[in-house]
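For the protein sequence lines, the chains are C and Y, in the order given. Be aware that the first sequence starts at 81, since it is given in the numbering used here, and climbs by one per residue. Be aware that the second sequence starts at 81, since it is given in the numbering used here, and climbs by one per residue. Cβ coordinates follow ideal geometry from the N, Cα and C atoms, glycine included.
2 protein chains.
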Amino acid sequence: MKNRLKVLRAERDLTQAQLADLLNVSRQTINAIEKGKFDPSLPLAFKAARLFGLSIEDIFEDEVVE
Amino acid sequence: MKNRLKVLRAERDLTQAQLADLLNVSRQTINAIEKGKFDPSLPLAFKAARLFGLSIEDIFEDEVVE
DNA sequence: TCTTTATGTCAAGTAAGCTTTACTTAAAGA
DNA sequence: TCTTTAAGTAAAGCTTACTTGACATAAAGA
Chain C
81 MKNRLKVLRA ERDLTQAQLA DLLNVSRQTI NAIEKGKFDP SLPLAFKAAR
131 LFGLSIEDIF EDEVVE
Chain Y
81 MKNRLKVLRA ERDLTQAQLA DLLNVSRQTI NAIEKGKFDP SLPLAFKAAR
131 LFGLSIEDIF EDEVVE
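Structure follows, in C-alpha cells:
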C-alpha cells in the first residue's frame, strides 16, 4: 500500500524519529511503512490521519486487488 | 475500536458469512470485528469501505487514546 | 578529519490479525 | 419435533505488525 508519509513529513520538517515519537511507534516502524515493507495497523493509520489533519484515504492509497 | 458493520450489514440484509465472502475473510473474522475482539487490518478496512461505498472513517470509529 | 544526524536495513522476539475446525445456542419453519 | 440457518465462541496454528538492539552509509558542520 502506497502512502504519502514521506511528503507529509517533509512538509512539516519532521524526521522519521520525530514522527515515530508523535505516533508512539518505533523509528523502524515508520521507515518500514514508508518503504512499503508492511501496512500500518488501522489504529496507527487513524493516529497518523489525526496528526496530519487528513483522512486515512488522503494518506494511504489502497490498491484495488480485483 | 467501534464500527458500524452490523448495521451496514442489516441495511443490506447480509449475513456475517455473506459479508465475509464479499471481503475474502472468514466468517469468524467478521464476527470478531463486530464483537470488538480485534481491529481489522488497514487493507481489510479499505475493502469494507469500498464495498459499502463509504469512507473508513464512516465505518470505523477511532477512540482517541489521549 | 571527526562527529553528529538522518536514513536504511537486519535479526530475533512479541503481539495482533486471520485461518480452519469444531462445538453451542437461539430462532424459525415444515 | 426435527431441521436448518445465523450467530457466538474457542483452540491451535500461521502471517503480519511492531519492538529492541545493532550496524552501515551518506551528508553536513566544526
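Here the region 98 to 107 of chain Y does not lie against the region 105 to 123 of chain C, with fewer than 3 beta-carbon pairs under 8 Å apart.
For Y:ASN111, the enclosing alpha helix (DSSP H) starts and ends at 107 to 114.
By the neighbour-count criterion, in which 16 or more other beta carbons inside 10 Å mark a residue as buried, Y:LYS82 falls on the exposed side. Listed along the chain, the chain C residues whose CB falls inside 7 Å of the CB of Y:ALA125 are LEU122.
C:GLU141 sits in a strand when the DSSP states are folded into three classes.
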